[in-house]
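Peer 1: Below is a structure I'd like to ask you about.
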Ligand SMILES: NC(=O)c1ccc[n+]([C@@H]2O[C@H](COP(=O)([O-])OP(=O)(O)OC[C@H]3O[C@@H](n4cnc5c(N)ncnc54)[C@H](OP(=O)(O)O)[C@@H]3O)[C@@H](O)[C@H]2O)c1
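Residue numbers (our numbering): -2 to 415.
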């Protein structure tokens, strides 16, 4: 069926997941169910979908509900034939995600998700890039807190650098200045799954350590990338920094954006991410405490009995996560410090007005799907695996600022006098 004549603009698959439910509520509040955005909610359980629709209030009584199972290609095919874009919140993606990507690639259906599982993204690119290119399916992984603030934040900084200095920055350091939010069962399940897989496979550990893992073959990048794994002093902010847990996916996505854009950030582009923990001795102690805590979590997740204890007694279970008040209290403030090869400097900021993982993620995921459906034509950007910074443009930043509570700003810039 012709892509443009499909019944829906978007279908939320995994609507009954923790994040899917917040996403449906946001779409409902923002666009209604009978308005200009034609959308439907899909999942594997008709009963849970009915319950979700009732919880959205009387305004949602006409929301179409569709049933499909992540493992059943014919049910996924029937979803895809009805929509221009499909948003998937069915995770862990490494366990459940492949059949939908396969069907989207076969049917020319645009796709966005929330994966942070870089090894899975690499596998999907290898298997389905060719077919997506032929059918026109635009596949855009990692459209949540990982990795949109990083990927679009770097894109925004580089545009500002080009406008001021006539060249992009060769080095960018992303620093999480402040952030408040919790984790859901789905996110925890994805993290535990990747740690479990990595503990069994030296090849996977090697792949995860490759900063250019998802760059296209023959990318030619040789620059060694800095990886913040221990407490370290950050000269830009003059604070102590600790590892940022999302850096493993975000940095890979940013390097793919550089590769897909014809090295728009440069052949020797360097990028790292970390979390600021404060100044002086107290900042140093906090950074050290964080590194020790993270080490204990990862060690526990790699050992079967400890993982079982964590899954069953400590961490949130699938379907659980921060409550609406905690989501509303959440926020993030991320800083980017860029430097050109000539020594010009620029400092930018990206902020979000809800907890990063859910309140903010659901809004930015919705806007990514809407931008694919309404802003970016198939003639502008054809089929294949894209990053947000390469498929989207300023229109997406405007959407995020207008409808998703994000801000992108330049704080200061300094030209090196010659
Ligand atoms: N990138 C980011 O910033 C970010 C932020 C948040 C979450 N995430 C990711 O998003 C994903 C969802 O997180 P969550 O906390 O919302 O997860 P969750 O509440 O555990 O939900 C998982 C969903 O998958 C569905 N599912 C499982 N097997 C299925 C199957 N065979 N067919 C159809 N549906 C199936 C479940 O359906 P039922 O409802 O019927 O059980 C449920 O709706 C995770 O992978 C998480 O890591 C990423």
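The beta carbon of each residue, even a glycine, is placed where N, CA and C say it ideally should be.
These numbers come from a predicted model, not from an experiment.
1) Which of the three DSSP states, helix, strand or coil, is assigned to residue 125?
2) Between the alpha carbons of residue 84 and residue 315, how many angstroms are there, rounded?
3) Are residue 368 and residue 392 close, meaning C-beta to C-beta below 8 Å?
4) Is residue 86 near ligand 1, in the sense that its beta carbon is under 7 Å from a heavy atom of that ligand?
5) What does the Cβ neighbour count give for residue 352, buried or exposed, with the cut at 16 atoms within 10 Å?
6) Find the nearest neighbour of residue 47 within the set 28, 18 and 110, judged by alpha-carbon distance.
7) Evaluate the contact criterion for the segment 99 to 111 versus the segment 68 to 84: three or more CB pairs, one atom per stretch, below 8 Å.
8) Nearest-angstrom Cα distance between residue 396 and residue 364?
9) Use the C-beta contact count for residue 199: other C-beta atoms within 10 angstroms, 16 or more gives buried, fewer gives exposed.
10) In chain order, what residues of the same chain have a beta carbon less than 6 Å from the beta carbon of residue 173, not counting five sequence neighbours either side?
11) Where does residue 354 fall in DSSP's three states?
12) For the pair the segment 315 to 330 and the segment 339 to 356, tell me if three or more CB-CB distances fall below 8 Å.
13) Measuring alpha carbon to alpha carbon, tell me which residue in 69, 375, 34 and 297 is nearest residue 129.
14) Could you spell out the range, first to last residue, of the beta strand (DSSP E) harbouring residue 273?
15) So does residue 100 have its beta carbon nearer than 7 Å to some heavy atom of ligand 1?
16) Report all residues from its chain with a CB closer than 6 Å to the CB of residue 67; omit the five preceding and five following residues, and keep chain order.
17) Can you have a look at residue 236 and say buried or exposed, based on whether 16 or more other CB atoms are within 10 angstroms of its CB?
18) Check whether the Cβ atoms of residue 254 and residue 384 lie closer than 8 Å to each other.
19) Going along the chain, which unbroken runs of the beta strand (DSSP E) with 3 or more residues stay wholly within the segment 379 to 412?
20) May I ask you to check if the CB of residue 41 is nearer than 7 Å to at least one heavy atom of ligand 1?
21) Roughly how many whole angstroms lie between the Cα atoms of residue 78 and residue 362?
22) Contact between the segment 401 to 409 and the segment 114 to 123: three or more CB pairs below 8 Å?
23) Please say whether residue 82 and residue 366 have beta carbons closer to each other than 8 Å?
Peer 2: Once the coordinates are examined:
1) In the displayed model, residue 125 falls within a helix according to three-state DSSP.
2) Distance from the CA of residue 84 to the CA of residue 315, rounded to the nearest whole angstrom, comes to 19 Å.
3) Note that the C-beta distance between residue 368 and residue 392 is below 8 Å.
4) Residue 86 Cβ: within cutoff of ligand 1.
5) With 16 or more other Cβ atoms within 10 Å, it is buried.
6) With respect to the C-alpha of residue 47, the residue from 28, 18 and 110 having the closest C-alpha is 18.
7) Yes: at least three Cβ pairs fall under 8 Å.
8) Each residue's alpha carbon lies about 7 Å from the other.
9) Exposed is the call here.
10) Excluding five sequence positions before and after residue 173, the CB atoms of its chain that fall closer than 6 Å to its own CB belong to 241, 272 and 331, given in chain order.
11) In the three-state DSSP reduction, residue 354 falls in the helix class (H, G or I).
12) Result yes; three or more Cβ-Cβ pairs closer than 8 Å.
13) Checked all of 69, 375, 34 and 297; the closest Cα to residue 129 is 375.
14) 267 to 275 is the span of the beta strand (DSSP E), which, as asked, contains residue 273.
15) No, the beta carbon of residue 100 sits no closer than 7 Å to any heavy atom of ligand 1.
16) Excluding sequence neighbours, residue 67 sits near 87 and 93.
17) For residue 236, the number of other beta carbons within 10 angstroms of its own is at least 16, and it is reported as buried.
18) Going by C-beta atoms, residue 254 is nearer than 8 Å to residue 384.
19) If you keep only unbroken beta strand (DSSP E) runs of at least 3 residues inside the segment 379 to 412, you get 404 to 411.
20) Residue 41 Cβ: within cutoff of ligand 1.
21) Rounded to the nearest angstrom, the two C-alpha atoms are 21 Å apart.
22) Taking a contact to require three or more Cβ pairs closer than 8 Å, the segment 401 to 409 and the segment 114 to 123 do not qualify as touching.
23) Judged by their CB atoms, residue 366 and residue 82 are nearer to each other than the 8 Å cut-off.
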